[in-house]
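Numbering follows this note's numbering, with no gaps: position 9 of the sequence shown is 87.
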Amino acid sequence: MSIKGFTDIHCHIIPTVDDGAQNMKEAQEMIRLAYAGDTRRIIATPHYGTSRAKASGGIIVARFRELLRWTEDNYPEMELFLGQELTYSHGLEKQIDRGSAFTMAGSRYALVEFQPEDDYSRIRQGLQSVQLAGYWPILAHAERCQRLASHIEYVDELVHMGIYIQINARSVTGGNGWQCKSCAKKLLKQELVHFVASDGHDTKKRTPVLLKAMTYIAKRYGKKYALQLSVENPGKVISDIFID
Ligand SMILES: [Fe+2]
C-alpha cells in the first residue's frame, strides 16, 4: 500500500466518555494501533444524543486534552482533533448552534448518525434540517442504515442533495456482516462514498485501523479513489474546505 498518512474522521478514542475507550491505557493502545496502521490524523468523535454518551461538553474537552498531551509526547507525528458523532433528534441543529453538540474539528462539517431501522424520510429530513442551518452533514456509517442498504438510489439522492457519505472500514472487510459488506461494495462501486473511517471503539474487535480496508479499496477501485476517501476528503474536513 503506497498511500501514507490516513486521516480517520470517526473514532471513539477519548477515554471514559462513551462506549469507546474505557480507560486511558486503552486509548493509548488505540493510538499505537492506529499509528502502526499508517493513520496520522484522527478526529475523536464521542457519542452525543444517545444513551451511549456518558459525558458532555467540558468533561469531553478535558479528557481530550489529556489524551492529546500524551499523544504529542509519545507519537509526535500523530495529530488529534475533536468532533462528535451526533445521533439525530429533532432540533439537533440548534444544539450545534449553541455549542453543546460539536462539529468536526471546529469546521462546518457535522457527523450525524441515525438508528439502523430509521426510515428514509426521517434520514433525509433530519440531514436537510442540519444542512439548512448552515452545516455540511456527513452521514455516519450509511451502510448500517437498513433502508439505504436496500435502496442504494436513496443514497444517490442524498449525495445529490449535498450530503456526504461515510462508511466503516470494518464493513468493507466484512467484519460487520455480509449485508453491510454488500452495501459498502455497492456504494464504493457507484462512487457514492466520501469517507472511509474506522468507527474504532477498542483494541480487539472495533479497532481504529484503516489500512486493511484501504488496501482492498485501492486494489479493487483504484488508488486515486482510495486516496480521496482516506486522505484528501478528510483533510478538507479538518481545513473546513467544501468538498464538491
Ligand atoms: Fe461511531
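Every residue, glycine too, gets a C-beta built ideally from N, C-alpha and C.
Assigned secondary structure, residue i (DSSP; H/G/I helix, E/B strand, else coil)
| i | result |
| --- | --- |
| His-58 | Outside the displayed span of the chain (79 to 322) sits residue 58, for which this structure offers no information. |
| Gly-135 | helix |
| His-125 | strand |
| Arg-119 | strand |
| Ile-174 | helix |
| Pro-357 | Lying outside 79 to 322, the shown extent of the chain, residue 357 is not represented and no answer is given. |
C-alpha distance - residue i paired with residue j, whole-angstrom precision
| i | j | result |
| --- | --- | --- |
| Leu-289 | Asp-116 | 7 Å |
| Glu-163 | Gly-177 | 14 Å |
| Tyr-198 | Asp-151 | 45 Å |
| Cys-223 | Glu-191 | 9 Å |
| Thr-85 | His-168 | 30 Å |
| Tyr-213 | Glu-171 | 8 Å |
| Gly-83 | Ser-260 | 27 Å |
| Asp-234 | Gln-268 | 9 Å |
| Thr-281 | Arg-200 | 33 Å |
| Tyr-299 | Ala-218 | 21 Å |
| Ala-112 | Gln-257 | 26 Å |
Exposure of residue i, with buried meaning 16 or more beta-carbon neighbours within 10 Å
| i | result |
| --- | --- |
| Ala-105 | buried |
| Leu-210 | exposed |
| Asp-96 | buried |
Short Cβ contact (9 Å threshold) for residue i with residue j
| i | j | result |
| --- | --- | --- |
| Arg-202 | Tyr-232 | yes |
| Arg-119 | Phe-159 | yes |
| Met-239 | Leu-205 | yes |
| Val-274 | Ile-295 | yes |
| Ser-276 | Asn-246 | yes |
| Leu-145 | Met-102 | yes |
| Val-271 | Gly-278 | no |
Quick test of the definition: if touching needs 3 or more C-beta pairs under 8 Å, does the segment 174-187 touch the segment 311-321? A contact exists between the segment 174-187 and the segment 311-321.
With contact counted as at least three CB pairs below 8 Å, one residue from each stretch, are the segment 88-101 and the segment 117-132 in contact? Contact between the segment 88-101 and the segment 117-132 is present: three or more C-beta pairs spanning the two stretches fall below 8 Å.
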